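A short worksheet on the structure shown next.
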Amino acid sequence: MTSNTTNSSSLARYAWISIAAALITIVLKAVAYLVTGSVGLLSDVLESFVNLAGALMALGMLTIAARPADENHAYGHSKAEYFSSGVEGTLILIAALGIGAAAVHRLITPRQLEQVGMGIGVSIAASLVNLFVARLLLRAGRQYGSITLEANAGHLLTDVWTSAGVVFGVGAVALTGWYWLDPVIALMVAANIVGSGGRIVYKSVSGLMDAALPEDERAILQKVLEPYMQNGVACHAIRTRQSGRRRFISLHVLVPGGWTVHKGHGMLEEIEASVCKTLPNVTVFTHLEPLDDPASWNDTELDR
11 MTSNTTNSSS
21 LARYAWISIA
31 AALITIVLKA
41 VAYLVTGSVG
51 LLSDVLESFV
61 NLAGALMALG
71 MLTIAARPAD
81 ENHAYGHSKA
91 EYFSSGVEGT
101 LILIAALGIG
111 AAAVHRLITP
121 RQLEQVGMGI
131 GVSIAASLVN
141 LFVARLLLRA
151 GRQYGSITLE
161 ANAGHLLTDV
171 WTSAGVVFGV
181 GAVALTGWYW
191 LDPVIALMVA
201 ANIVGSGGRI
211 VYKSVSGLMD
221 AALPEDERAI
231 LQKVLEPYMQ
241 NGVACHAIRT
251 RQSGRRRFIS
261 LHVLVPGGWT
271 VHKGHGMLEE
281 IEASVCKTLP
291 NVTVFTHLEP
301 LDDPASWNDT
311 ELDR
């Protein structure tokens, strides 16, 4: 049994919003860098290009994920979202290397900053754009269970904090005249980006490796099954995995051997409906077995 799901194509509009935000922030941050010459602000520009690449990748993968199941993809195309988040995480790590290289070069050859006030103002405006879009994407990602939108939102939020650090660094340089602060702040930005990118890549790899549902969702599943297990029915061989926004759950349901096929099937339908009502975007597979057959209790391994 499968619960209803929001079509991935309807989420593409959020990717378009992210693309627009990336283009706007690239222009604003480029202006800020050109008027100040700050390598910290340059790092901000580079990360915005990564944001644009990530948003374009998200649009492509959400479009693919929206395709219905077919003969060659019987479980649908929802796993395409993991490729998007994985690529975005990798791009973040590459951007961090570029920022780090530029910062080290500037640390060796310091440079005076110019028109700091204007540069900071433009950078703050770009950060506000990213903050608004990030909150919008994060809310949509959690509402619809889209790892692509959550990864995109997480990256934009990292960009906001990065910009805050850069603005602080540029302001500190203007106040103190310590030009080495600018590349040092850029290095700190690069380290922060590495952490963000690493987390996104890890989550993507976990999804591609068919990791189980989060612990809290498995606890919800167990709570749904408990009433049935307290009334003479047993459940085992419970397996879960997530594929993008789609959850998959399979389990064996053991009932008294004297039950009719009709009664046993009715129980399975009831259990599947209860799970689908509790967890969104879930497909449930059940297997009926008799309680009084020893073979039923031994039938728990993946390789049956």
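Under this note's numbering, think of the first position of the sequence shown as 11, with each following residue one higher. Backbone N, C-alpha and C define an ideal beta-carbon position, used for all residues, glycine too. Bear in mind the structure is a predicted one, so any value in this text is a computation, not a measurement.
At the C-beta level, G151 and L141 stay beyond 7 Å of one another.
In this structure, the CA atom of G268 is about 21 Å from the CA atom of L261. In the DSSP assignment, L298 falls within the beta strand (DSSP E) that extends over 292-300. In the three-state DSSP reduction, Q240 falls in the coil class, being neither helix nor strand.
Counting C-beta atoms within 10 angstroms of its own C-beta, Y85 has fewer than 16 neighbours from the protein chains shown and is therefore classed as exposed. DSSP places A247 within a strand segment (E or B) once states are collapsed to three. Between the alpha carbons of A135 and V263 lies a gap of roughly 57 Å. Annotation for H262: the continuous beta strand (DSSP E) segment containing it runs 256-265. Relative to the Cα of S137, the nearest Cα in the group A283, V177, S306 belongs to V177.
According to the DSSP assignment, L166 belongs to the alpha helix (DSSP H) that extends over 157-186. Rounded to whole angstroms, the gap between the alpha carbons of K213 and T270 is 44 Å. When secondary structure is reduced to three states using DSSP, S137 falls in the helix class. Bounds of the alpha helix (DSSP H) holding E91 are 90-118. Bounds of any alpha helix (DSSP H) do not take in R77, whose DSSP letter is neither H nor E. Contact fails between the stretch 60-71 and the stretch 216-227, because fewer than three Cβ pairs, one in each stretch, are under 8 Å apart.
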